[in-house]
Each structure stands twice: as C-alpha cells, then as structure tokens.
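Note that the sequence shown covers residues 150 to 566 in my numbering.
Ideal placement from N, C-alpha and C gives every residue a C-beta, glycine not left out.
The structure displayed is predicted, hence computed values, not measured ones.
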Amino acid sequence: MSKIQKIKGVADMYPPESTTFAHLEETARKVFSRYGYQEVRLPLMEPTQLFSRSIGEETDVVQKEMYTFPDRKGRSLTLRPEATAGMMRAYIENGLYSPGSVHKMFTFGPMFRYERPQKGRMRQFHQLDVEMVGATEPQADAELVLMLSTYLRTLGMRQLTFEINSLGCRTCRPRHRAALDAFFAALPGFDELCDDCKRRAASNPLRVLDCKVPRCRELTANAPVIEEHLCADCAGAYAEVQAILAAAGVEYVKNPRLVRGLDYYVGLTFEVTSTDIGAQTAVAGGGRYDGLVAQLGGPDVAATGFAIGMERLALLVPPVGQPAPDFFIAVLDPAAPSPALALAQELREAGLIGETGFASGSMKSRMRAADRSGARWCLLLGGQELADGGVTLRDMHSGEQRTLPRAEAVALLAGRG
Ligand code: HAM
150 MSKIQKIKGV ADMYPPESTT FAHLEETARK VFSRYGYQEV RLPLMEPTQL
200 FSRSIGEETD VVQKEMYTFP DRKGRSLTLR PEATAGMMRA YIENGLYSPG
250 SVHKMFTFGP MFRYERPQKG RMRQFHQLDV EMVGATEPQA DAELVLMLST
300 YLRTLGMRQL TFEINSLGCR TCRPRHRAAL DAFFAALPGF DELCDDCKRR
350 AASNPLRVLD CKVPRCRELT ANAPVIEEHL CADCAGAYAE VQAILAAAGV
400 EYVKNPRLVR GLDYYVGLTF EVTSTDIGAQ TAVAGGGRYD GLVAQLGGPD
450 VAATGFAIGM ERLALLVPPV GQPAPDFFIA VLDPAAPSPA LALAQELREA
500 GLIGETGFAS GSMKSRMRAA DRSGARWCLL LGGQELADGG VTLRDMHSGE
550 QRTLPRAEAV ALLAGRG
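Now the structure itself:
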C-alpha cells in the first residue's frame with residue numbers, strides 16, 4: 150500500500166516544539182490575564198465575505214492566499230487566514246458591545262494562508278491573537294505594546310526590534326493618498342514597477358509601499374510618507390504612544406514604510422521583528438483598526454490588537470525541556486507488576502512524575518530502563534519487598550540504597566517525609 154503523506158506547508162508537531170507551544174500558551178494566559186484579557190475560541194471556517202470585506206480586496210491575503218471552497222450547498226467558505234475578522238464578527242454577533250465599555254480578548258489557533266512555504270512560513274500556521282475593542286485613547290495602543298513586550302520578555306527574549314508607524318485616519322489618509330497619486334503620476338520609472346504595484350498605484354497606493362520586490366522598493370524610496378500628512382489628532386496620538394514606550398524603556402524604531410499587509414488599519418501600527426528567523430522577520434504585528442466593526446455591520450467602535458506568529462516565536466525562545474521524572478519503578482519479581490502499578494498510581498496522585506517498568510525482559514534490561522529514564526529515584530520491587538510491604542529506594546544521584554515501608558517511601562518522595 151502506498152503511504153499517505155501530509156500536504157505541503159503543514160506540520161506534525163512533536164516535542165520539543167509542541168512543548169514549546171504549550172509553554173507559549175500558558176505564559177500568554179498568565180501574562181494577558183494580568184491586563185484583563187479573557188480567552189475565547191472561535192471557528193476556523195467563516196463565510197468568505199467576512200475576509201474580503203475586512204482584510205481588503207486588494208491585499209495579497211485575499212487575492213492569492215485564501216483557502217476558499219464551496220460547501221455542499223454551494224456557499225463560499227474560507228479557512229481563516231487571520232483571527233481579527235472572526236473576532237469582530239463574533240463580537241458583533243454575540244452582542245458584546247455596550248457604550249463606554251472596553252472588551253479585551255485573546256485566542257490561539259491555526260490560521261491558513263496559501264503562501265510559498267519556507268523557514269517560519271507555513272500554509273497552516275498558528276497565531277496568538279489579541280484584541281481590545283472600545284478604547285479610542287493612544288494609551289490603549291501603548292498598553293497593548295507594553296503587554297506584548299512584557300510577554301516576550303517573560304519568555305526570555307531580548308533581541309527584538311519594535312517598529313512603529315501611524316497610518317493616519319479618515320482626515321489624514323486622503324491627504325496622503327493625494328500626495329501618493331501625484332508621486333506615481335510623476336514617477337519616471339513607473340513602467341518598471343511590478344504588475345501588482347502598477348495596478349495598486351491606482352487602486353490602493355499605500356499597498357505599493359509594502360511591496361517586497363527590490364526594484365519597486367528602489368523606485369518608491371522617496372514616496373511621500375504619511376507622517377508628513379498626519380492631522381493634529383493623529384500626530385498627537387502617535388507622539389503620546391512614543392512617549393509612553395520611551396518612559397517604559399521599550400525601544401522602538403519609526404518605520405514610515407510599515408503599512409502592514411491587511412487593509413483595516415488606521416492610526417498606530419507596529420511590528421516586532423527579529424533577524425534570527427531567516428527571511429521571515431516579523432514575529433508579531435498589529436495596530437489600530439477603528440472602523441472595522443462598523444464595516445462588518447456592528448456599532449462604530451474603536452479597536453486595536455496584534456497577533457504573534459507562534460512558529461516564528463518558537464524558533465526564538467529558549468528551548469523548554471520536559472520536566473525530569475521523579476521516579477522509576479523497577480519490577481524485579483514476576484508477582485510485582487500489579488503492586489508496582491498501584492504504587493505508581495499513589496505517587497502520581499501525590500503529584501510526582503514517573504513510570505513503572507512492566508515485568509518483561511531480563512533483570513539487567515529492567516535496571517537499564519531505570520537508568521535511561523533519567524529519574525531522580527529508582528524504586529525496586531522484588532520478592533523480599535513484596536513479602537514485607539516495603540520498597541527499596543535508590544538515590545540515582547548518589548547510588549545510595551535503602552529499604553523502607555511503602556507508605557514512608559511515598560511520603561519521602563512527595564516531600565512529606
Ligand atoms: P499579520 O501581520 O498578517 O497580522 O500576521 C501576524 C503574524 O502572524 C506575523 O507577524 C507572523 O509572525 C505570523 N504569520 C503570518 N503569516 C504566516 C505564515 N504563512 N506562516 C507563519 N507565520 C505567519 C494579522 O494577522 C492581524 N490579524 C494582526 C492583528 C490583530 N491586528 C490587529 N489585531
């Protein structure tokens with residue numbers, strides 16, 4: 150029979166990566182709850198329209214990367230390429246809005262984008278997604294960045310760069326757009342732009358600044374930057390976020406070309422980058438997206454958030470080991486397996502980690518298994534111990550050995566002795 154293999158761009162995850170993922174999730178729960186965030190779980194499939202309406206028709210994600218298919222009744226469904234759109238759909242659908250209140254939520258899970266797989270870039274990848282709805286203040290953006298920084302530092306990460314930019318609002322965006330239109334109209338090498346950029350120069354010129362093609366970047370090196378066109382409110386908010394980050398000791402660099410790959414952003418945007426994950430430098434990205442909830446049929450409420458790419462983060466955090474076992478029970482008598490299992494059960498209920506060998510194999514191989522297990526203690530159960538209700542305890546560090554009544558041995562290992 151031919152073997153069936155996994156599809157391109159997805160991964161089977163085993164330790165140590167799966168252990169690292171669990172650690173990333175547990176640390177997120179701990180850190181984010183201090184900031185008032187609650188965990189939610191949302192569907193992986195959504196109506197296609199949700200993404201085209203929020204992420205934007207002109208984006209790579211919507212144009213080239215979505216897993217979209219008809220269901221059996223012909224309705225167009227899409228495997229979520231990101232979480233924000235679904236988070237806002239759920240926020241609206243579950244009636245979470247109440248005037249003046251701030252709603253903080255986060256979620257983990259797989260996302261799907263049909264991209265060319267490489268190190269740190271998968272077709273099924275995982276995000277840790279955080280959203281805050283209802284706060285208009287720049288302090289909310291700053292708090293979000295501070296929380297991200299705290300989370301990454303709690304994980305032991307130091308070498309990170311926070312890049313920030315402001316994309317302006319409904320007042321400043323048209324001014325920047327007009328400046329970009331004038332720039333492209335007068336650009337001598339316009340024909341040398343890639344086909345995507347030529348089209349986007351007309352439909353959504355901000356997107357051109359995000360193009361990764363080197364020639365496009367050269368040609369647009371002097372394109373007008375939005376900061377020069379920010380209205381007083383946006384400029385003030387941007388300055389305030391920077392002041393808070395500086396006061397908190399979070400280092401950042403301003404990147405006027407940081408426009409992000411999704412169309413819903415306004416105001417502050419940010420990315421965390423690292424040079425240690427090959428070509429895929431962005432570990433996390435986010436920003437403000439006031440207007441999206443209204444665009445999806447909900448109230449006109451402000452919102453801001455970010456998502457971390459968990460595969461990329463896992464490449465950067467110090468490895469998390471499995472805890473070493475506390476005990477290994479070596480069965481030295483054919484009658485011992487059942488008492489050994491009962492003893493193991495008692496130790497595990499007391500919170501200890503360990504294994505029991507079963508009766509098969511030679512005496513030598515059973516002792517070797519005890520050695521290989523890396524356990525702190527080896528408990529020997531032979532004929533004598535069974536007869537006396539005792540157990541022989543070997544300290545695997547010192548090699549010392551003594552025989553104790555079983556209850557005493559359990560109490561000793563559980564730290565109650
Ligand atoms: P994004 O920048 O598209 O933002 O994705 C966030 C992060 O997901 C990226 O920085 C990267 O680490 C990771 N990522 C994206 N694509 C892949 C891939 N193909 N393979 C591995 N990792 C990947 C968003 O998705 C926004 N929804 C973030 C947000 C939340 N904005 C506001 N709230």
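As assigned by DSSP and simplified to three states, the class of residue i
| i | result |
| --- | --- |
| residue 557 | helix |
| residue 429 | coil |
| residue 456 | strand |
| residue 176 | helix |
| residue 471 | coil |
| residue 446 | coil |
| residue 347 | helix |
| residue 483 | coil |
| residue 258 | strand |
| residue 154 | coil |
| residue 206 | coil |
| residue 231 | coil |
| residue 440 | coil |
| residue 385 | helix |
| residue 414 | coil |
| residue 360 | coil |
| residue 182 | helix |
| residue 340 | helix |
| residue 306 | coil |
Outcome for residue i when other beta-carbon atoms lying within 10 angstroms are tallied against a minimum of 16
| i | result |
| --- | --- |
| residue 379 | buried |
| residue 412 | buried |
| residue 488 | buried |
| residue 354 | buried |
| residue 469 | buried |
| residue 308 | exposed |
| residue 151 | exposed |
| residue 271 | buried |
| residue 385 | exposed |
| residue 333 | buried |
| residue 512 | exposed |
| residue 182 | exposed |
| residue 279 | buried |
| residue 546 | exposed |
| residue 227 | buried |
| residue 371 | exposed |
| residue 204 | buried |
| residue 154 | exposed |
| residue 240 | buried |
| residue 362 | exposed |
| residue 209 | buried |
| residue 156 | exposed |
| residue 533 | exposed |
| residue 314 | buried |
| residue 232 | buried |
Per DSSP, cross-strand counterpart(s) of residue i
| i | result |
| --- | --- |
| residue 420 | 312, 434 |
| residue 226 | 196, 218 |
| residue 253 | 281 |
| residue 552 | 541 |
| residue 403 | 313 |
| residue 527 | 477, 543 |
| residue 273 | 261 |
| residue 506 | Residue 506 is not bridged to any residue. |
| residue 267 | 270 |
| residue 187 | 254 |
Beta carbon of residue i nearer than 9 angstroms to that of residue j
| i | j | result |
| --- | --- | --- |
| residue 453 | residue 437 | yes |
| residue 236 | residue 260 | no |
| residue 481 | residue 530 | yes |
| residue 298 | residue 397 | yes |
| residue 200 | residue 230 | yes |
| residue 408 | residue 441 | no |
| residue 420 | residue 504 | no |
| residue 523 | residue 473 | yes |
| residue 318 | residue 449 | no |
| residue 451 | residue 291 | no |
| residue 434 | residue 424 | no |
| residue 360 | residue 345 | yes |
| residue 329 | residue 414 | no |
| residue 562 | residue 499 | yes |
| residue 172 | residue 304 | yes |
| residue 274 | residue 389 | no |
| residue 195 | residue 238 | yes |
| residue 387 | residue 323 | no |
| residue 269 | residue 158 | no |
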